[in-house]
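Residue numbers (my numbering): 2 to 452.
No residue lacks a Cβ here, since even glycine has one placed at the ideal position from N, Cα and C.
Here the structure is a predicted model, which is why all the values come from computation and not from measurement.
Okay, structure first, notes after.
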């Protein structure tokens, strides 16, 4: 019971920070620099950071305990977010670079140059993305997989996901309050409030892990995981030789690619509808509250599906949902020119934003309630090395690599097609989206036979 209580507190606060960062990072990039830059940051920033982290984590896991690594990473993340709002953001005019002349000479490298010129924004986005790939799927669930048995996982994992949605609801409410014009007169003041709440939640996360340590039945999480200390090359060889881990990586990558393709187009339209930071972030906050309420319903359904039906049934919910609703969204985007006749430009723009919001809400609700619990169950039968190092490859490189691949697809089209925007390349993105989701579904079917 004690480990359930502290696990619940930890995941609620972790998801709270994750949800706050999602709305904040998108607001900073899109309203300051434009939606198209997100693809470059994911490709040239997030992906290299994920690779470097995986190598760094593999080395750390030979030297430190999981608890020590957890505190170290949590402290690094929270420290940057706090320093960003109080020191970096108010002085961006002094610390950022002006590459306007270089961009005119080399327009092909426009997005890369903008990313480096506005390095503090880019780093905020990168670390926010890494939080979602490190602190939640890797660090928290790795500890959970070591202290819960398979039977306990079937019973408690949907409950933990349900409790985690409390953090998501609170984050949405917090963002909504802090970005109201009655609460704040400027985005800079709202950002300070937001980062202070992130810092407080980070302290609660470390405290919950500290107390959780006292109630862990196994001593394994308190020691370095590998006494033999295999090297990096040997570790990656062992991981890459596992078809099971590779298939897990594929489904994680497919989710990352497909959601990134949809969100890129949606956020472009959202930025056009809400060009001001406070309005943009306030709308994102409302989306998060709606997503959390939907997740609660989906989680209740997932508990029944996992207990009464099969792992395959639960694992297929997210890709099938993505296929159906994502196809409807792209159909509206591709044919909005015909639909807009008689509607007006602003009305059709609002309709596209709402359709994308519905897709975002439903798919991510199914992700947190079906995709994450079923994915985590796949690691329980594995040995300690594959549980930890294999998980770091599948979760961190898989998720960030998937998003980077989706970003590469968008960036390459934006760079090589003259005058291209995320709106004009939507038909091509739709076709690639369909292929990725089909691969995702086939990989789940193959994994279900092995599992």
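Query: Top-ranked residue by Cα proximity to residue 453, from 176, 115, 267; Result: Residue 453 falls outside the range modelled here, since the chain spans only 2 to 452, and no answer is possible.
Query: Coarse secondary structure for residue 421, derived from DSSP in three states; Result: coil
Query: Residue burial classification, residue 439 (beta-carbon count within 10 angstroms, cutoff 16); Result: exposed
Query: Per-residue DSSP class, three states only, for residue 379; Result: coil
Query: Inter-residue spacing [alpha-carbon to alpha-carbon] between residue 174 and residue 288; Result: 10 Å
Query: Residue 270 burial status per 10 Å Cβ neighbour count (16 or more: buried); Result: buried
Query: For residue 36, three-class secondary structure by DSSP; Result: coil
Query: Residue 110 versus 169, 150, 426, 415, residue with shortest Cα-Cα distance; Result: 415
Query: Cut-off 7 Å between Cβ atoms - residues of its own chain near residue 146, not counting five sequence neighbours on either side; Result: 377, 380, 381, 388
Query: C-beta contact flag for residue 85 and residue 124 at 9 Å; Result: yes
Query: Unbroken alpha helix (DSSP H) run spanning residue 300, endpoints; Result: 278-309
Query: Beta-carbon gap between residue 15 and residue 265 smaller than 9 Å; Result: no
Query: First through last residue of the alpha helix (DSSP H) which encompasses residue 76; Result: 67-84
Query: Residue 450 - containing alpha helix (DSSP H), residue span; Result: 427-451
Query: Chain-order list of residues whose beta-carbon lies under 7 Å from that of residue 179 (same chain, five-residue window excluded); Result: 185, 191, 194, 195
Query: Contacts around residue 230, its chain only, beta-carbon distance under 6 Å, and the 5 residues preceding and following it disregarded; Result: The predicted position of residue 230 is uncertain, since its pLDDT is 44 and thus under 50; a value taken from the coordinates is nonetheless stated next. Excluding positions up to five away in sequence, the list reads 63.
Query: Residue 361 versus 323, 302, 118, 337, residue with shortest Cα-Cα distance; Result: 323
Query: Cα-Cα separation, residue 298 to residue 421; Result: 40 Å
Query: Within 9 Å, strictly: CB atoms of residue 144 and residue 18; Result: no
Query: Identity of the residue in 43, 370, 69 nearest residue 294 by Cα; Result: 370
Query: Candidates 40, 7, 203: closest to residue 116 by CA position; Result: 40
Query: Beta-carbon gap between residue 261 and residue 43 smaller than 9 Å; Result: yes
Query: Buried versus exposed, by CB contacts within 10 Å (16 or more), residue 283; Result: buried
Query: Proximal residues to residue 316 (C-beta, below 6 Å), its chain only, five neighbours per side dropped; Result: 375, 445
Query: N-terminal and C-terminal residue of the alpha helix (DSSP H) that residue 106 is part of; Result: 101-106
Query: Coil, strand or helix - residue 223 by DSSP; Result: Any answer about residue 223 is weak, because its pLDDT of 46 lies below 50 and its placement is not dependable; what the coordinates show is given next. Residue state, collapsed to three classes: helix.
Query: Spatial neighbours of residue 9 in its chain, beta-carbon cut-off 7 Å, leaving aside the 5 residues before and after; Result: 161, 164
Query: Closest by C-alpha distance to residue 166, when choosing among 349, 301, 423, 429; Result: 301
Query: For residue 6, the three-state DSSP class (helix, strand or coil); Result: helix
Query: Proximity to residue 209 [Cα-Cα], best of 133, 5, 47; Result: 5
Query: Residue closest to residue 429, alpha-carbon to alpha-carbon, out of 296, 69, 328, 104; Result: 328
Query: Backbone secondary structure at residue 384 - three-state DSSP; Result: coil
Query: Exposure of residue 254, with buried meaning 16 or more beta-carbon neighbours within 10 Å; Result: buried
Query: Reduced DSSP category for residue 87 - H, G, I as helix; E, B as strand; rest coil; Result: helix
Query: Residue 47: first and last residue of the uninterrupted alpha helix (DSSP H) it sits in; Result: Taken as a continuous stretch (DSSP letters only), residue 47 belongs to no alpha helix (DSSP H), as it is neither H nor E.
Query: Segment limits, alpha helix (DSSP H) that includes residue 320; Result: 312-335
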